[in-house]
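Numbering (the numbering used here), first residue to last: 1 to 281.
The C-beta atom is built at its ideal place from N, Cα and C for all residues, glycine as well.
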Amino acid sequence: MTIIVMGLSFSVLLFMISSGLSLVFGLMNVLNLTHGGYYLIGAFVGISIYKWTGNFLLAILVGGAVAGIIGVGMERGFLRYLPGQLQDQVILTMGFLFIITNLAKWIWGPVPQMTAPPSLFASSLRIGAYSVYLYHLVVIFAGLIIAIVLWFLQEKTRYGAIIRAGIDNREMIMAVGINFSRVCAWVFFLGTVIAGISGVIGLPLLGAYLESGSEILLYAIIVVIIGGLGSMQGALAGSFLIGIIHSFSKAFFPPLAFFMMYLLVIIILLIRPSGLFGKRS
């Protein structure tokens, strides 16, 4: 039970990262490798705010806001001029990931930082004969709430219908008079805010360290490949698959933890190259 709960909490963090990455690529055709950097910025800003104020909710809000502002500034200033230019996008966004990592090293130093969760959630919860860290359950609950909100926005609102239509045919969206550039900016902002929030929420579990941006980015890309581009359901399914498999692998077969993830990617690509919920091109 402990391994399952830990796997589910890690799955939730992966979903929050990969959902934004998947939506941005599906809608804008932009491979944003800086996405891990937004997680990194959110984590370091969040831990600073939390240490200064002792307010974890304020740390979440500020960490998400700072990541969102940096993200939308990057989209408005650079990425909007590189539609469909995959190689240029990879070079640019990878460069920004290095810049963000080095800025974090300059501001916060190279030493990893860790923080305890709010005292209300720092205890353990007994379920029968088992004891579960309460903060893991809080992370799972918060992630499910975010997943429901994202699903509602995408599936049940006019703005979500525009996003889904833009993923299928952006030219038609622009032909009917919708400002597609503004839609892209809002989607990019939302995705980066969630990435920053996940960095703060993950602090008591993973901490804040310089390599976390590139590491979480690798997981997110694997999730997007498995789930399919532009799909919330795919990001959720891929996150839970990777989170549970990774948790059990690290518990019972530590040397094979990464191998099991790549094996799952290979199997999915052989069976469904477009991902579990991705649309065939």
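Requested in this report: Measure the alpha-carbon distance for G202 versus I107 and round it to whole angstroms.
Outcome: Rounded to whole angstroms, G202 to I107 spans 20 Å at the Cα level.
Requested in this report: Would you decide whether F259 is buried or exposed? Buried here means 16 or more other CB atoms lie within 10 Å of its CB.
Outcome: F259 is exposed by the Cβ-count criterion.
Requested in this report: Check each candidate in P112, Q89, G128 and name the one with the smallest Cα separation from S48.
Outcome: Nearest C-alpha to S48: P112.
**Report entry** Bounding residues of the alpha helix (DSSP H) (the contiguous stretch that carries R126)
**Finding:** First-last for R126: 124-127, but that is the beta strand (DSSP E), not the alpha helix (DSSP H).
Query raised in the report: So, is P273 buried or exposed, given that buried needs 16 or more other C-beta atoms within 10 angstroms?
Result: Burial check for P273: the Cβ neighbour count within 10 Å stays below 16, so the residue is exposed.
Query raised in the report: If A195 and A67 are in contact, beta carbons under 8 Å, what's the gap, nearest whole angstrom?
Result: That belief holds up - the Cβ atoms of A195 and A67 are roughly 6 Å apart, short of 8 Å.
Query - Neighbour-count burial assignment, G63, 16 or more Cβ in a 10 Å radius - result: The residue in question, G63, is buried, as its Cβ has 16 or more Cβ neighbours within 10 Å.
Query raised in the report: Is it true that the CB of P254 sits closer than 9 Å to the CB of M114?
Result: Their beta carbons are not under 9 Å apart, which means M114 does not touch P254 by this criterion.
Query raised in the report: Candidates M1, L61, K105, R76: which alpha carbon is nearest L183's?
Result: Per the sequence presented here, residue 183 reads as Val, with Leu not at that position. Ranking M1, L61, K105, R76 by Cα distance to V183 puts R76 first.
Query raised in the report: Helix, strand or coil for L185 per DSSP?
Result: A quick correction: the sequence has Ala, not Leu, at residue 185. Correct three-state label for A185: helix.
Query raised in the report: Helix or strand or just coil, what does DSSP make of S131?
Result: In the three-state reduction of the DSSP assignment, S131 falls in the strand class, which pools E and B.
Query raised in the report: So who's on the other strand from Q113, going by DSSP bridges?
Result: Looking at the DSSP assignment, Q113 forms a beta bridge with A208.
**Report entry** Cβ pair I17, I41 closer than 9 Å
**Finding:** Contact: no.
Requested in this report: Compute the Euclidean distance between the alpha carbons of G238 and V224, then round it to the nearest angstrom.
Outcome: A straight-line Cα-Cα distance of about 7 Å links G238 and V224.
Query raised in the report: Does DSSP classify N169 as helix, strand or coil?
Result: DSSP places N169 in coil when its eight states are reduced to three.
Requested in this report: Determine the closest residue to Y130 out of A165, L57, I3, L263, with distance taken between C-alpha atoms.
Outcome: Ranking A165, L57, I3, L263 by Cα distance to Y130 puts I3 first.
**Report entry** Segment contact, 8 Å Cβ cut-off, at least three pairs: the region 154-168 with the region 22-30
**Finding:** The answer is yes - the region 22-30 touches the region 154-168, with three or more Cβ pairs under 8 Å.
Requested in this report: Check the C-beta distance from L236 over to F15 and give it rounded, since I have them as a contact under 8 Å.
Outcome: The pair is a contact, with the Cβ atoms about 5 Å apart (cut-off 8 Å).
Query raised in the report: Which same chain residues, not among the five before or five after G20, have their C-beta less than 6 Å away from its C-beta?
Result: The beta carbon of G20 is closer than 6 Å to those of G191, I194, A195 in its chain, skipping five residues each way along the sequence.
Query raised in the report: On the premise that V139 lies in contact with M1, defined as a C-beta separation below 8 Å, what is that separation, rounded to the nearest angstrom?
Result: About 16 Å; that fails the 8 Å criterion.
Query raised in the report: So F152 and L134 are in contact, right, with Cβ under 8 Å, and what is the actual spacing, rounded?
Result: Contact flag wrong, Cβ pair sits at about 27 Å.
Query - Close Cβ partners of I60 (< 6 Å) along its chain, the five nearest in sequence each way excluded - result: Only I197, V200 meet the Cβ criterion.
Requested in this report: Report the residue from S231, G213, G227, N102 whose alpha carbon sits nearest the alpha carbon of I267.
Outcome: Of the listed residues, the one whose Cα sits closest to I267 is G227.
Query raised in the report: With distances taken between CB atoms, is the gap from L137 to V45 smaller than 9 Å?
Result: It is not a contact, given that the beta carbons lie outside the stated cut-off.
Query - For L270, the three-state DSSP class (helix, strand or coil) - result: In the three-state reduction of the DSSP assignment, L270 falls in the helix class, which pools H, G and I.
Query raised in the report: What number of angstroms, rounded off, separates the C-alpha of I285 from the C-alpha of Y81?
Result: Residue numbering for the chain in the displayed model covers 1 to 281; residue 285 lies beyond these limits and cannot be assessed.
Report task. Write down every uninterrupted run of the alpha helix (DSSP H) in the region 38-86 whose length is 4 residues or greater and which is fully enclosed by it, in chain order. Result -> Within the region 38-86, the runs of alpha helix (DSSP H) that reach at least 4 residues and sit entirely inside it are, in chain order, 56-77.
Report task. Return the first residue and the last residue of the alpha helix (DSSP H) that S18 is part of. Result -> Membership of S18 in the alpha helix (DSSP H) is indicated by the continuous run 2-28.
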